[in-house]
Amino acid sequence: MKRIVTHLSLLAATAVIATGCVPVRHNLPPEQRLLEPGPGVGGPGPGVLGPPSVQPGMGGAMPMMMGAGGMMGAGGFGMNGPMPEGAIGAAGPDVMRSAPLMQMASNGSNGDIQLASCGPECGSCGDGGLLGIGGGAYSNIPAGGGVTSGMSMMPSVPATVQVTLGQPEGMQVRYDATGAGMFDSEPLVVPARQNFPQGGLYRLKLTNIPSREGVELYPTVELAHANPRTGAYLAHNSVPIQFTPEDFDQVLTGNFVTKVIYLPDPDFQGPALAGIDTLVSTRLDPGIDPIVEADRRGSILAIIRLGDKDIEMAGTGQVSGGMMGAPIAGLPAPFAAAMTEGCGSCAGDGSGCSSTPMGLPGMIAGVNAPQYGMPITGTPIGLAGPPHIPLGHPAGLKKHVIKNHTPMHIPRPVDKVKMSVRMQPGYSYPNPVSRVRITEQNIHPGVPNQRGLYQHASQQVDPDCRQ
Amino acid sequence: MTPPQTSLLRIAASIIMIAVSGSLSEAADPSLYLSNTGQHRLHSSDMPPGQIGQARLTGRGPVQSYFQPVAFSGPKGVGFSMPESGNFFGKPDSSLQVGLMIGGVYRFCITGIPGAEGAELYPTIELIDRIYPPPGLATSFPIMINLDKEDLAAALDGRMVTRVIYLEDPQTAFALPETPKTSRAIDIAEYQDALEVADRFGRPVAIVRIGSVSPPSAEALMPQFFFGYPLWAPIYQPEQPEYAVQP
């Protein structure tokens, strides 16, 4: 019997060790959490809603309605008066709501802080708006940079790309401002800059090319939509477009030149290189598509196609059709949409956008994909037979059986999910104090029947020392 | 051995087998799915301006509606100005100090660049976090934005310069005061992510992107250029007496 008990004890000990049911040494939470009033929790936990956020349109619409002086003084800061010292570290949401728009006082003393903003149309235009402080639910900054239109009823402004025409100097560049093939813009003398709406295909007219008198070329510039990879670059830099003498030589000899300007991915960007890169079709090996190669190396910003076709020649048939209006006055008008993926942050007028609604995935059942549940493979019963069947015969096929032998294991969805969470090491608090025993012992009990000497106030010392 | 004892041993053995099997069937280690660097980063400094700051607003902490003091400095002669009314920039100030909100993208102007007279740059600054100075001393401990000549020259050459300003890790920081003169910048390679490097050294608080873009001529594009005119608060420095000695 003793052996059995010994064996069982050993087995139990082995089982305890194997299952890990040994005394666990816990450690305390950090000191900061112990100082919090809650049980080791600082601030609201997950699932606790924060304070209500300001609606997106509130910041921009309120100044417009209330005028310059109609401030809601919820924050206690006057419009023209300086904010109290230290307020910059404690400005709350009320300050944000009551922010003035246009005021700048003269120099003040230290700590004079006034809220400033923004442009003249800040309160009136729907595109401006103020900073969205509502968190992730609202952001007026799209993926491609810039701002989105806050009010759908207002005319939207497309996101633009700034293009720098760098070389050759002295060349004049015109673009379509009002209609297709008009080239009625003010001539840009290189070097020059011009903003183009994103996601458009633009026709340019090059004249006064140095050392090539009388030559007029009509290249096209296809500008891609901004994406998360190129948004930061396009918001801060321009896309340089340059034409070299070699390009003109290639074109005038009958060749077709394609230049692709792209933002290289980090893998294709050496330490010595910086910024963007350009691929030219005439410098690549035969058979290599510069667009495909640039797309493999990074994100395409612009594609320039240059040939020797005279667009303005009578009978060319290029001037009519397909022309899209300029989004706003002064900007070039594209004649087609760019063939780039995504919609970027373009305008809501549909120019240059795909048919897929914003914020939705590319394939939608019933929209640009077959309806859910609808088979896309039919049986030949009732369908017109192949041409080798003699005409006039009735349909002979009565039965068409397709057996699917594909092994499938598609489990049914679960009704409930149970998750077990275990933190290792866990939390272990000391036991709360339930009993206190205080023992006070005075080594020097003091002067009997009087206050202690050290409790006496200072007294004037008798000069005769009689006391 | 009697039959009851045998059955008892069998039960004990089965308990051990169950316990051992339970201890061996552990879940997969999450580190198996991590990258070589040990983590997957959600953000990078190449993201469009405003996205990282907006993501920070969804996090915890008193970051909403807080005006974080920011102080600009640069080479001698360089002036900084913020947009004011009428789409124009204010008077350039060599030691501009303003209060900016987290999540906003602010376009400011740099003038008086040494060696490039007449040239202007329009960088942006995006606050992605705040700092926590002692109460009442927020303006005494601003986020220092110090731009050097190399940054401005590279931007004028058409390159894009991204500066990530971070708060040093107190465990590894040097116990030296950080001034514009002692400010040091870490140059990284093009294929490195500045935000990741800054995250390694401390806590990133701001991103400055400098390019060569110029303001658009069309008035309708101005809100886009200024990123929606986010609010900012000017901070005025105390007037220095004439006899004050500049450090």
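Top to bottom, those sequences are chains S and L.
Heads up: the first sequence runs through residues 1 to 467, numbered per the UniProt record's numbering.
Heads up: the second sequence runs through residues 1 to 247, numbered per the UniProt record's numbering.
Built from N, CA and C at the ideal position, the CB exists for glycine as well.
message: Looking at L:I235: is its Cβ nearer than 8 Å to the Cβ of L:P69?
response: Yes; because the gap between Cβ atoms is below 8 Å, this pair is in contact.
query: Does L:L127 have its Cβ less than 8 Å from a Cβ in chain S?
result: no
Inter-stretch contact (C-beta, 8 Å, three-pair minimum) for the region 242 to 259 of chain S and the region 168 to 184 of chain L: no
message: Check whether the region 104 to 113 of chain L and the region 180 to 192 of chain L are in contact - that is, three or more C-beta pairs closer than 8 Å.
response: With a cut-off of 8 Å on Cβ pairs, the region 104 to 113 of chain L is not in contact with the region 180 to 192 of chain L, counting fewer than three such pairs.
field: Nearest-angstrom beta carbon gap, L:V213 and S:N237 [assumed within contact, 8 Å]
entry: Contact holds; Cβ gap of about 6 Å.
query: So L:P69 is in the alpha helix (DSSP H); what residue range does that whole segment cover?
result: Element bounds for L:P69: not the alpha helix (DSSP H) but the beta strand (DSSP E), 67 to 73.
- request: Within 10 angstroms of the Cβ of L:R200, are there 16 or more other Cβ atoms? Answer buried if so, exposed if not.
  value: Result: exposed.
- prompt: L:E150: which of L:G90, L:G211, L:A233 sits nearest, CA to CA?
  reply: L:G211
- prompt: From L:Q54 to S:G181, what does the alpha carbon distance come to, in whole angstroms?
  reply: 43 Å
message: Runs of 3 residues minimum, wholly inside the region 228 to 308 of chain S: which ones carry the beta strand (DSSP E) assignment?
response: 239 to 242, 257 to 264, 277 to 280, 298 to 306
query: In terms of alpha-carbon separation, which member of L:P134, L:I113, L:S183 lies closest to L:L156?
result: With distances taken between CA atoms, L:L156 lies nearest to L:I113 out of L:P134, L:I113, L:S183.
- prompt: According to the Cβ coordinates, are L:L57 and L:I125 closer than 8 Å?
  reply: no
Short CB-CB distance (under 8 Å) between S:P228 and chain L: yes
field: Closest Cα partner of S:D247 within the set S:S428, S:S281, S:S185
entry: S:S281
- request: With a 10 Å radius around its C-beta and 16 neighbouring C-beta atoms as the bar for buried, classify S:P290 as buried or exposed.
  value: buried
message: Please state whether the Cβ-Cβ distance between S:T160 and S:N195 is less than 8 Å.
response: yes
- request: Spatial neighbours of S:M65 within its chain, please: CB distance less than 8 Å, with the 5 preceding and 5 following residues excluded, ordered by chain position.
  value: Low per-residue confidence applies at S:M65: pLDDT is 32, beneath 50, and the placement is therefore not dependable, though the value from the model is reported in the following sentence. Closer than 8 Å at the Cβ level, and outside the excluded window around S:M65, lies no residue.
field: Under 8 Å by beta carbon: chain S residues contacting L:I210
entry: Going along chain S in sequence order, the residues near L:I210 (Cβ under 8 Å) are H236.
- prompt: From S:I113 to L:A233, what does the alpha carbon distance come to, in whole angstroms?
  reply: At S:I113, the pLDDT of 48 sits below 50, so the modelled position is not reliable and the matter cannot be decided from this model.
- request: Indicate the three-state DSSP secondary structure (helix, strand or coil) for L:P223 in the structure shown.
  value: helix
task: Along the beta strand (DSSP E) that carries residue 249 of chain L, what are the first and last residues, could you check?
output: Limits of chain L in this structure are 1 at one end and 247 at the other, which puts residue 249 of chain L out of reach.
- prompt: In three-state DSSP terms, what is L:A233?
  reply: Secondary structure at L:A233: strand, using DSSP grouped into helix, strand and coil.
- prompt: What residues from the region 293 to 318 of chain S come within 8 Å of chain L, judged by C-beta to C-beta, listed N to C?
  reply: none
query: For chain L, is any of its Cβ atoms less than 8 Å away from the one on S:S9?
result: no
query: Would you call S:R203 buried or exposed, if buried means 16 or more other Cβ atoms sit within 10 Å of its Cβ?
result: buried
message: Rounded to the nearest angstrom, what separates S:A272 and S:Y427 at their Cα positions?
response: For S:A272, the pLDDT reaches just 41, beneath the cut-off of 50, and the residue's location in the model is therefore unreliable, leaving the point undetermined.
- request: Report the residue from S:G179, S:N208, S:T178, S:G200 whose alpha carbon sits nearest the alpha carbon of S:E169.
  value: S:N208
message: Counting only beta-carbon separations shorter than 8 Å, does S:L204 have a partner in chain L?
response: False, the Cβ-Cβ gap to chain L never drops below 8 Å.
message: So with CB distances below 8 Å, who are the chain S contacts of L:G74?
response: The premise fails here: L:G74 is roughly 17 Å from chain S at the closest Cβ pair, so nothing lies under 8 Å.
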